[in-house]
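Chain order of the listed sequences is A and B. Reading the first sequence from the start, the letters are residues 77 to 772 in my numbering. Reading the second sequence from the start, the letters are residues 210 to 927 in my numbering. Glycine included, every Cβ here is placed at the ideal spot set by N, Cα and C. Quick caveat, the model's predicted, so the values are computed rather than measured. See below for the structure under consideration.
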Amino acid sequence: MGEFKVHRVRFFNYVPSGIRCVAYNNQSNRLAVSRTDGTVEIYNLSANYFQEKFFPGHESRATEALCWAKGQRLFSAGLNGEIIEYDLQALDIKYSMDAFGGPIWSMAASPSGSQLLVGCEDGSVKLFQINPDKIQFERNFDRQKSRILSLSWHPSGTHIAAGSIDYISVFDIKSGSAVHKMLVDRQYMGVSKRKCIIWGVAFLSDGTVISVDSAGKVQFWDSATGTLVKTHLVANADVQSIAVSDQEDSFVVGTAEGTVFHFQLVSVTSNSSEKQWVRTKPFQHHTHDVRTVAHSPTALISGGTDTHLVIRPLMEKVEVKNYDAALRKITFPHRRLISCSKKRQLLLFQFSHHLDLWRLGSTVATGKTSGKFLVPGKHGDTLPLSKDADHLLQLKTKGPENIICSCVSPCGSWIAYSTASRFFLRRLNYEHDNLSLHRVSKMPACLRSAVQIMFSEDSTKLFVASNQGSLHILRLLEGSFKHLHTFQAQSGTVESMCLLAVSPDGNWLAASGTSAGVHVYSVKRLKLHCTVPAYNFPVTALAIAPKTNNLVIAHSDQQIFEYSIPDKQYTEWSRAIQKQGFHHHWLQRDTPITHIGFHPKRPAHILLHDAYMFCIIDKSLPLPNDKTLLYNPLPPTNESDVIRRRTAHAFKISKKYKPLLFMDLLDEGTLVAVERPLDDIIAQLPPPIKKKKFGT
Amino acid sequence: MAALEEEFTLSAVPLGAGPDGLLGVEQCDKTDQFLITDGGRTVILYKVSDQKPLGSWSVKQGQVITCPAVCNFQTGEYIVVHDSKVLRLWTNEDVNLDKVFKATLSAEVYRIHSIPGTEPLVLFKEGAVRGLEALLAEPQQKIETVISDEEVIKWTKFFMVFRHPALIFITEKHGNYFAYVQKFNSSVLSKYTLLLGQEENFVIQSFTASLDRKFISLLSLSSDGCIYETLIPIHPSDPEKNQQPRVVRSLLLKTVVSGNARNALSVLDQDHVAVLGPPLPASKECLSIWNTKFQTLQVSKELPQGTSGQLWYYGEHLFMLHGKILTVIPYKCEMSSLAGALGKLKHGQDSGTQTMPHFVNWETSQGYGLESKNSEPSKRILRRRTIEPSVQPEVPASQQLLSIIKKDSEKHIEIELRKFLATKRTPDFHTVIGDIAIGLLERCKTEPSFYPRNSLMQLIQMHVLSYSLCPGLMEVALEKTDIQMLQLCLQQFPDIPEAVTCACLKMFLSIGDDNLQEIDVNMESVSDYSDAVQDEKMEEQMGILQNGFNPEEDNCDNCDKELSKKPQKTVEETTSCPVIPKRAALLNAVLHSAYSESFLLPHLKDIPAQHITLFLQYLYFLYLKCNENATMTLPGIHPPTLNQIMDWICLLLDANFTVLVMIPEAKSLLLSLYKFVKSQICICSELNKIEVSFRELKKLNQEKNNRELYSIEVLELF
């Protein structure tokens with residue numbers, strides 16, 4: 077089938093940022109996640125948990141609170157004291173507004189979604205009115221003596237609970253004054269701690285306030301009388317987060333020990349109507365602090381310092397016990413952070429504030445001819461290196477903004493990258509072993525920021541998808557460029573194009589947003605050629621095959637379509653596979669396909685990968701049905717050729733490299749695979765809270 | 210928490226209750242049916258839930274019923290005594306009491322007692338007791354006098370004490386009270402004098418008794434209104450020495466009723482008593498439930514029309530005469546806690562729904578199990594078959610099967626069961642299977658000839674039964690020495706108590722070889738060891754030749770020598786399996802069963818020494834077999850693992866160490882076992898050293914593979 081030399085790369089020391097907040101939106105079934113570097117990601121839980129959008133981080137914007145308001149508007153607030161609204165269509169920040177209360181620690185949208193409360197460092201709780209275009213300050217509540225770390229609205233919208241240091245206040249919304257002040261015991265296992273920080277509060281419709289604090293307690297308060305009803309000591313460390321289900325029959329708390337506890341309202345006896353809160357299930361999916369939790373109708377969602385987003389479905393709420401009921405652990409972004417120059421065998425790694433350029437090494441042992449070192453070509457062999465990989469360049473960005481996207485040209489002479497406010501283009505010159513870098517200045521005014529950058533195969537054209545929905549084409553000349561054309565966004569839409577694909581001959585450009593279909597533009601004629609019909613699930617990867625100009629599209633539900641651009645229709649093979657359906661194991665994979673490639677010599681082959689497998693689809697072979705084995709890790713040894721031919725099917729899968737962040741074909745027989753072992757990430761995290769284990 | 214529910218009356222027929230109230234209320238063989246004997250001539254059979262009489266029988270004018278009618282649970286017949294000496298037996302179909310079976314006895318009857326699981330007993334006024342069967346065989350037999358003159362029986366109760374019936378009756382003579390306990394397994398009559406304590410001038414108004422492990426807890430209500438408890442031992446400590454032991458009563462509850470009226474008392478369960486009587490001298494009569502553990506009044510109900518001072522308690526119903534009407538008050542009691550008793554725990558008192566007890570009361574169910582375990586062989590054939598008068602409505606298949614189990618033949622049950630098992634499985638399949646098994650066992654207990662072996666085997670093979678789902682199954686199998694069933698149970702049940710496992714082991718070890726040969730045993734876990742034995746022999750001999758050891762050497766310090774010596778010592782014990790293959794298969798089943806060491810050890814001590822030696826020999830044999838191959842496993846489909854073998858060797862040695870040291874035949878076995886273990890330890894310590902070096906090698910290898918940040922590899926896709 078295929079034998080490749082694989083450059084197995086593990087020096088991409090990427091560490092995702094820790095998760096700070098999650099906010100679940102029930103209407104759209106979307107989850108907003110903010111990370112400690114200020115990045116905000118939107119996951120579509122209906123679309124196989126695909127990360128469909130992201131807003132780049134910013135050094136000064138440490139997000140402390142995230143919430144959804146009416147009309148699926150997303151707000152965040154952070155330690156810079158600003159409230160930010162995000163534009164989910166244009167993938168941009170709509171506006172930011174200073175609350176003038178110092179750093180903001182907490183934020184909550186009213187049950188109706190029309191008001192916004194923020195809790196500030198100076199002890200003030202500020203009420204904002206959410207207007208269609210902006211938010212407007214309404215008034216301050218009674219100033220408290222220390223910072224407001226948590227806020228929760230009563231479902232009726234008449235009262236709020238605010239957690240501060242050592243006490244919880246209950247405010248009346250009308251009067252703005254504190255009705256009750258409930259002091260929290262500082263004692264912790266008999267030892268008096270200095271302070272007891274109320275990390276989270278939840279106000280239930282029956283007037284119960286649930287608080288979680290730094291002494292490891294989950295406490296139930298009666299807000300009518302201001303008295304403590306019940307205490308659960310759940311951890312030896314801080315309990316940092318709480319989320320209540322909409323039905324108020326269960327809630328979830330996350331602790332600094334990495335444990336998530338599920339509490340449920342259950343009947344005292346099996347027939348009685350009297351119910352009480354019972355700690356039912358502990359989950360230990362995290363190694364570090366669980367900074368935030370969310371409770372969707374069917375799942376518990378948690379995230380924390382260990383960078384994993386964990387979605388734990390509640391088995392009793394899941395109707396069909398299928399693959400959706402499985403635990404999801406999302407660690408890596410669903411977009412490419414790596415680009416590669418095939419000609420010069422370069423890899424460009426994108427970090428939040430810098431880019432790394434590496435040149436791959438080489439081996440003298442070749443695939444077929446037997447060298448003098450070993451008999452090459454045996455599966456699993458490691459070939460001796462004649463030259464190790466070189467770190468050529470580190471490119472640091474100036475300013476506080478994170479890099480959104482980056483690309484190295486196939487020829488290796490250009491590097492383009494963009495932050496939220498600026499687009500950068502660099503020219504690389506290679507003189508023997510020396511590398512010189514030139515800045516290409518005077519970028520056109522329209523090129524302010526980019527969501528996706530792509531070079532044409534011959535490195536003469538640069539395609540940039542801006543965050544306002546327009547696509548720019550630039551012609552690259554030796555050391556300079558020329559703006560050729562801009563495809564404006566379709567009338568009436570401002571949806572950003574997150575994915576681009578250019579045909580190897582440079583004639584076709586395909587671009588896809590998150591919801592609408594894939595648009596195909598003719599670069600020659602500079603006009604829209606056609607639009608691939610929209611599909612229910614977002615596109616995760618795009619590529620155009622050489623020669624045939626077939627557009628291959630991967631969707632988050634693991635479907636793959638092949639669309640002939642010249643014919644403006646789906647290909648026969650695509651129809652055939654849709655008719656037969658994909659193998660059930662293929663559909664059950666839980667990471668999206670992030671890259672599609674092609675073999676220059678074998679037009680029937682499509683190369684694609686997700687985080688846990690690499691696959692070559694051979695369109696000439698029969699499709700597998702559910703009875704055949706999709707993934708066969710063992711080489712057929714002494715089987716007869718007949719059996720081998722009969723069981724061979726189109727999907728050739730390798731699970732050798734994982735977690736796989738990038739894989740592409742450098743030339744006919746050489747692949748590059750970039751792995752990022754989880755152990756290496758854990759090694760770079762701060763040490764977790766040490767827990768005494770039995771026997772140690 | 211105890212609760213009284215809404216009362217209802219049973220008075221379709223006006224009761225001719227005399228001034229002394231009713232004669233008695235007695236249970237019937239069908240649940241929910243009770244025999245009520247009024248003070249005059251009538252016996253009425255009531256179905257309580259329907260509040261309607263199912264039958265009524267009267268004796269002729271001029272005759273008087275002198276003893277409450279009871280039901281013979283073994284035959285379903287009813288028994289009554291009229292005119293003190295005439296015994297009548299009849300069934301549902303009979304209409305006229307004059308025409309039914311009659312036996313005239315030679316002495317006056319005080320009471321007839323009948324409880325499920327045993328034959329009825331007749332207590333004569335003179336204190337003698339006879340079984341009904343014996344009495345019917347010879348009605349005019351001489352009845353001896355047990356109690357002295359002027360001694361009058363005041364109260365009596367019949368119990369099942371650990372499968373054996375026991376009767377207690379209280380007599381009074383000049384204000385002194387005596388308790389007699391008659392046990393029927395040993396035919397011992399023990400007499401006790403009740404010491405009343407200081408309040409000797411009060412008369413005892415009512416008695417009630419319950420079983421509390423090794424004692425009968427006798428509660429008495431004195432005319433001072435207090436309840437006293439007297440513990441009467443079931444097993445008299447030394448009946449020979451002390452002719453009339455005295456038992457002292459202690460105050461249990463103070464002044465629960467005013468002492469002047471007619472009061473009554475009944476034990477409801479371990480902690481609850483029902484008291485009938487006015488709480489204050491002037492007040493109306495009340496039914497009160499008291500918790501004796503916490504000394505609290507749980508619930509009380511006023512009975513304004515007065516009572517006859519009689520109270521009966523069966524199942525969940527309290528019976529009493531309220532005015533002239535027989536009243537039934539259902540009584541429920543959930544497991545009580547201190548919080549509940551003190552009224553702190555709130556309870557959802559929704560009157561509409563039936564509250565079920567939410568806790569399994571293990572004590573009660575165990576007690577029930579013990580009681581129902583009794584299966585005294587009934588010598589009398591059924592005089593007449595009883596026919597269920599009511600027509601069955603549409604009932605679930607399992608219910609139908611259960612009713613079939615109650616009366617049909619083994620063959621028919623088997624066919625019906627097969628049909629039932631062939632149907633679709635419901636979610637509560639395993640509980641249904643458990644119920645069926647329990648149904649079968651119930652009948653086994655009441656009918657000794659009934660043993661539906663095939664049906665039980667079929668149920669066990671459904672893979673859903675466990676020991677706790679059908680307690681008593683293995684006991685029955687043990688009783689019947691059903692080896693095959695026991696093996697199947699050991700293989701299938703995950704939760705067999707250690708005592709039962711041990712009882713099985715005992716049986717497997719003690720049963721004769723000839724008996725075993727006839728039994729069909731699953732031999733899956735045993736493979737033919739003979740070939741292996743031959744090989745071993747050869748090997749050993751070669752070893753002996755090669756090493757040329759010195760047989761006189763008896764020093765255990767040198768491991769090499771031990772290793773070479775091992776075979777010779779063990780040859781005589783290991784050349785062949787010490788037990789026949791069938792026994793080996795049974796023992797393997799025991800080895801596979803789950804156990805907890807601390808619970809198993811005391812039971813292992815009960816096994817005779819020669820059986821322990823045999824078992825140890827077998828384990829040693831298996832241990833040697835295990836060591837023959839590198840994987841340390843035995844051949845066969847499901848053989849015992851090395852760990853199981855080792856654990857059992859340790860257990861046996863722990864439990865019977867002193868015994869094994871003492872008996873001569875175990876000496877050589879222990880010695881060779883010791884030597885073999887020692888040689889094994891030597892090997893293991895060597896292996897330990899090797900393992901460490903290999904681990905280091907592996908670590909080095911792994912590091913090389915994983916820590917490399919960059920490599921070029923060859924990948925082939927298939």
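Using a Cβ-Cβ cut-off of 9 Å, T458 of chain A is close to N914, E917, S920, I921, E922 and V923 of chain B, given in chain order. Pairing D307 of chain B with K269 of chain B gives a Cβ-Cβ distance under 7 Å. The shortest CA-to-CA distance from Q519 of chain B to any of B:G230, B:L650 and B:V370 is the one to B:G230. Just measuring C-alpha positions, the residue of A:A587, A:N105, A:S462 and A:R367 sitting nearest I549 of chain A is A:A587. Going by C-alpha positions, K728 of chain A is about 29 Å away from F531 of chain A.
F151 of chain A has a beta carbon lying at 7 Å or more from every beta carbon in chain B. Within the DSSP secondary-structure output, V315 of chain A pairs in a beta bridge with A:T331. Think of a sphere of 8 Å around the beta carbon of H455 of chain A: the chain B residues whose beta carbon falls inside it are V923, L924 and E925, in chain order.
Residue pairing by DSSP places R355 of chain A opposite A:F339 in a beta bridge. DSSP lists A:L259 as the beta-bridge partner residues of Y243 of chain A.
Of the other Cβ atoms in all chains shown, fewer than 16 fall within 10 Å of the Cβ of L460 of chain B; this residue is therefore exposed. For the pair V456 of chain B and Y401 of chain B, the CB atoms are nearer than the 7 Å cut-off. Closer than 7 Å to the CB of S730 of chain A there is at least one CB belonging to chain B.
Scanning its chain for C-beta atoms nearer than 8 Å, with the 5 sequence neighbours on each side dropped, one finds around K294 of chain B the residues T313, L314, S315, A316, E317 and V318, in chain order. Looking from the CA of K600 of chain A, the closest CA among A:I669, A:N583 and A:R752 belongs to A:N583. Around the C-beta of D815 of chain B, fewer than 16 other C-beta atoms lie within 10 Å, and the residue is accordingly described as exposed. If you draw a straight line from the Cα of A388 of chain B to the Cα of K239 of chain B, it comes to about 32 Å. DSSP places K400 of chain B inside the beta strand (DSSP E), whose first and last residues are V397 to L404. A straight-line Cα-Cα distance of about 7 Å links R96 of chain A and T139 of chain A.
Listed in chain order, the beta strand (DSSP E) elements of length 3 or more contained wholly in the segment 191–242 of chain A are 191–196, 201–206, 211–216, 226–229 and 235–239.
Closest by C-alpha distance to V540 of chain A, out of A:V578, A:Y125, A:G114 and A:K703, is A:V578.
Bounds of any beta strand (DSSP E) do not take in T640 of chain B; it lies within the alpha helix (DSSP H) bounded by F638 to T655. Per the DSSP secondary-structure output, T458 of chain A pairs in a beta bridge with B:E922. Only those residues of the segment 77–108 of chain A whose C-beta falls short of 8 Å from the nearest C-beta of chain B are listed: M77, G78, E79, F80, K81, V82, H83, R84, V85, R86 and F87. L428 of chain B places its beta carbon less than 7 Å from that of I436 of chain B. In this structure, E79 of chain A lies near E925 of chain B, with their beta-carbon atoms less than 7 Å apart. For the segment 737–750 of chain A, the residues whose beta carbon sits under 8 Å from a beta carbon of chain B are, in order, L747. DSSP, reduced to helix, strand and coil, places T635 of chain B outside both helices and strands of the structure shown, so it counts as coil. Looking at the DSSP output, V594 of chain A shares a beta bridge with A:S588 and A:V608. In the three-state scheme derived from DSSP, where H, G and I count as helix and E and B as strand, I480 of chain A is classed as coil. Chain-ordered, the chain B residues with CB closer than 9 Å to the CB of A465 of chain A read L918 and Y919. Chain B places a beta carbon closer than 7 Å to that of T439 of chain A, counting this residue as a contact. Rounded to whole angstroms, E381 of chain B and F333 of chain B show a C-alpha spacing of 15 Å.
Here Y125 of chain A has Y119, I387, R404 and I406 as same chain residues with Cβ atoms under 7 Å from its own Cβ, once five neighbours each way along the sequence are excluded. For L461 of chain A, the neighbours in chain B by C-beta distance under 9 Å run, in chain order, Y919, S920 and I921.
In this structure, DSSP gives Y100 of chain A an extended state, which the three-state scheme calls strand.
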